[in-house]
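> Structure provided below as structure tokens; questions to follow.
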Amino acid sequence: MKKIIMIVIMLSVLNYNSIVYGESSNLAQEDINGEAAILIDGKTGDILFEKNMNKKMYPASTTKMLTGILAIEQGNMDKLVTVDDDTPYEIYGTHIALEPGEQLRFKELLNATLIESANDAAVVIAKDMAGDVESFAKMMNKKAKEIGALNSNFVNPSGLHDDNHFSTAYDLAMIAKYGIQNDQFRNIVKNYKYTIEPTNIKTEKRVMYSANKLLYSTKKINVDGQNTEIKYDGAIGVKTGYTEQAGNSVVSAVEKDGRLLISVVLKSAGNNLWIDTHKLLNYGLNNFDKKLLGFKNEFVENIKIENGNKKYVTGVIGENVTTPIKNSIEGKISKKININNNIKAPIEKGQVLGNVEYIINDKTIKTANIVSAESINLVGSYTNVADISLFKSINIWWIIGTVLLLLFWRINVLRRRAKKRRRYRSKSYNM
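Every letter in the sequence shown is one number past the one before it in the numbering used here, and letter 98, counting from 1, is 88.
Shown next as structure tokens:
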């Protein structure tokens, strides 16, 4: 089963779920300062724009999205965690000055990791969950592959530089898309401030602030000739990152007008990081309309089958099919129906029978599975469990009746023989 899941994930990643509209876009790759970037629909995963999206890059602290996902899914938020003796002296970069023997709640360490981007907190989480950083990195890579981030390799929970620690804009977008679906993750990354109360060692509160200026900054930047605040209306996260090798990076999520967009900008510089992000998000919100292409259980056609107790099976769309369509694209959307060869009974309800391709201007923009709306059994078999149960009950009563008849017959035979013997003895005595 795990192998099947991984194959499905790999195929979906290779196909990217949609066409990339960059060819006819009014946002060119050279308009983005960052070395790699991507914009996706946060609900469908459709790619709306990309620049070097599969290029291996250093992710810096955007790594902590994956650390946070694992912490939320497998950690104990109320657990009191004791800081080990080594972490406070091994970690550099952004930190919250943890002390050996200091005790904090797991959820406090999680918030420090995702909001303050504290490297020491991330490492303490890793050691608490897996025993050591190396074991936690294995958990990270396993989870990344499950999510669909197949071109990444993580060696630590913080994103501090290592030549073997890398990811891609596409992979980070997939991780963000997965994380933002979790309410607890979403509720943390949309905050730009968090306070840790005094601990057994620290007597003062720690007040932490996010580096994600999209959440709060009123500083002005120039985007396509317009002066605007860095703060972006509808921003709900997600994570910034910086190292000397990685440069400035940010993974952003915006929810607005019923749309959810996720952008990634890697290795940008200064305010260009925020300008790039504004350009991407503006482009997504202003140039695409969400369109319903097909709906779950929509009838496709009756499909002929072999060896079934019915000659045809009803094929329907397996799930709602939506995609963002670029406003400037002209042309009618057509459908191409592909049915699998040699479909034979038995068939289970929900079994994939083929697919539908949705096409515009000779390009496939989306595909959806055609599934069976019913179960079909082999010729001569019973159609459902109730029939089988009835058949079994009839058989049982038939057997019971047969046994009783045989028993009654046997008793009668024995009685006749006994009567015959009595008559024989009676005749012998009379002689």
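Every residue, glycine too, gets a C-beta built ideally from N, C-alpha and C.
Owing to the predicted nature of the structure, the values given are computational and were not obtained by experimental measurement.
For Ser157, I'd like the list of residues in its chain whose CB is within less than 6 Å of its CB, leaving aside the five on either flank, ordered along the chain.
Answer for Ser157: Pro49 and Ser142, listed in chain order.
> Looking at the structure shown, is Pro314 part of a helix, part of a strand, or coil, going by DSSP?
Strand at Pro314.
> Are the CB atoms of Leu271 and Tyr232 within a distance shorter than 8 Å?
No, the pair does not count as a contact, with Cβ atoms beyond the cut-off.
> Taking all protein chains shown into account, do 16 or more other C-beta atoms lie within 10 angstroms of the C-beta of Val346, making it buried, or fewer, making it exposed?
Looking at its Cβ environment, which holds 16 or more other Cβ atoms inside 10 Å, Val346 is buried.
> Under 8 Å, do Asn23 and Ala259 count as touching if we go by C-beta distance?
Yes, the pair counts as a contact, with Cβ atoms nearer than the cut-off.
> Is DSSP giving Arg149 helix, strand or coil here?
Position check: residue 149 holds Gly in this sequence, whereas Arg was assumed. Correct three-state label for Gly149: coil.
> Could you have a look at Ser15 and say whether DSSP puts it in helix, strand or coil?
The predicted model places Ser15 with a pLDDT of 48, which falls under 50 and marks its position as unreliable; any figure quoted below should be read in that light. The answer is coil: DSSP assigns Ser15 none of H, G, I, E or B.
> Please classify Ala102: is it buried, with 16 or more other beta-carbons within 10 angstroms of its beta-carbon, or exposed?
It counts as buried.
> With burial defined as no fewer than 16 other Cβ atoms inside 10 Å of the residue's Cβ, what is the status of Lys210: buried or exposed?
Its Cβ having fewer than 16 others within 10 Å, Lys210 is exposed.
> Do Lys54 and Ser207 have their C-beta atoms within less than 8 Å of each other?
Taking 8 Å as the Cβ cut-off, Lys54 and Ser207 do not qualify as a contacting pair.
> Helix, strand or coil for Glu63? Go by DSSP, reduced to three states.
In the structure shown, Glu63 sits in a helix (DSSP, three-state: H, G or I).
> Looking at the structure shown, is Ala408 part of a helix, part of a strand, or coil, going by DSSP?
Three-state DSSP puts Ala408 in a helix.
> Nearest to Ile191 by CA position, among Leu94, Trp387 and Asn332, is which residue?
Checked all of Leu94, Trp387 and Asn332; the closest Cα to Ile191 is Leu94.
> So, helix, strand or coil for Ser207, using DSSP?
DSSP places Ser207 in coil when its eight states are reduced to three.
> Under three-state DSSP, which class holds Glu80?
DSSP places Glu80 in helix when its eight states are reduced to three.
> Just the C-alpha distance for Asn420 and Leu394, rounded to the nearest angstrom, thanks.
Annotation note: pLDDT 43 at Asn420 (below 50); position unreliable, no value reported.
> Give me the residue from Phe278, Ile186 and Lys97 with the minimum Cα distance to Ala87.
Among Phe278, Ile186 and Lys97, the Cα nearest to that of Ala87 belongs to Ile186.
> Which residue or residues does DSSP assign as beta-bridge partners of Gly58?
Looking at the DSSP assignment, Gly58 forms no beta bridge with any residue, so it has no partner.
> Does DSSP put Asn101 in a helix, in a strand, or in coil?
Three-state result, Asn101: helix.
> Beta-carbon within less than 7 Å of Gln64's beta-carbon, same chain only, minus the 5 sequence neighbours each way: which residues are those?
Within the same chain, Gln64 has close Cβ partners Met119.
> CB-CB under 6 Å to Val197, same chain, minus the five flanking residues each way: which ones, in chain order?
Around Val197: Thr185.
> Taking the beta carbon of Ser462 as the centre, do at least 16 other beta carbons fall within 10 Å, making it buried, or is it exposed?
Only positions -9 to 421 of the chain appear in the structure, and residue 462 is not among them; the question remains open.
> Would the segment 23 to 32 and the segment 246 to 257 be scored as touching if the rule is three or more Cβ pairs under 8 Å?
Segments in contact, yes.
> For Phe39, count the other beta carbons within 10 Å of its own beta carbon; 16 or more makes it buried, fewer makes it exposed. Which is it?
Per the 10 Å Cβ criterion, buried.
> Can you tell me whether Asn324 is buried or exposed? The criterion is at least 16 other CB atoms within 10 Å of its CB, across all chains shown.
Per the sequence presented here, residue 324 reads as Ser, with Asn not at that position. By the neighbour-count rule (16 or more Cβ atoms within 10 Å), Ser324 is not buried but exposed.
> Less than 8 Å between the CB atoms is what I'm expecting for Met129 and Leu60, so what's the real figure, rounded?
Indeed, because the Cβ distance is near 6 Å, the residues count as touching under 8 Å.
> Going by CA-CA distance only, name the one from Glu20, Ala26, Leu17 and Asn332 that's closest to Leu256.
With distances taken between Cα atoms, Leu256 lies closest to Ala26.
> Determine the closest residue to Lys334 out of Ile327, Lys322, Ala358 and Leu368, with distance taken between C-alpha atoms.
Checked all of Ile327, Lys322, Ala358 and Leu368; the closest Cα to Lys334 is Leu368.
> Rounding to the nearest angstrom, what Cα-Cα distance links Thr313 and Lys286 in this structure?
For Thr313 and Lys286, the distance between alpha carbons rounds to 15 Å.
> Quick one: grab the DSSP three-state call for Asp377.
Since pLDDT at Asp377 reaches only 49, below the 50 mark, its modelled position is unreliable, and the value read off the structure follows with that caveat. The answer is helix: DSSP assigns Asp377 an H, G or I state.
> Applying the criterion that 16 or more other CB atoms from any shown protein chain within 10 Å of the CB defines a buried residue, is Lys409 buried or exposed?
By the neighbour-count rule (16 or more Cβ atoms within 10 Å), Lys409 is not buried but exposed.
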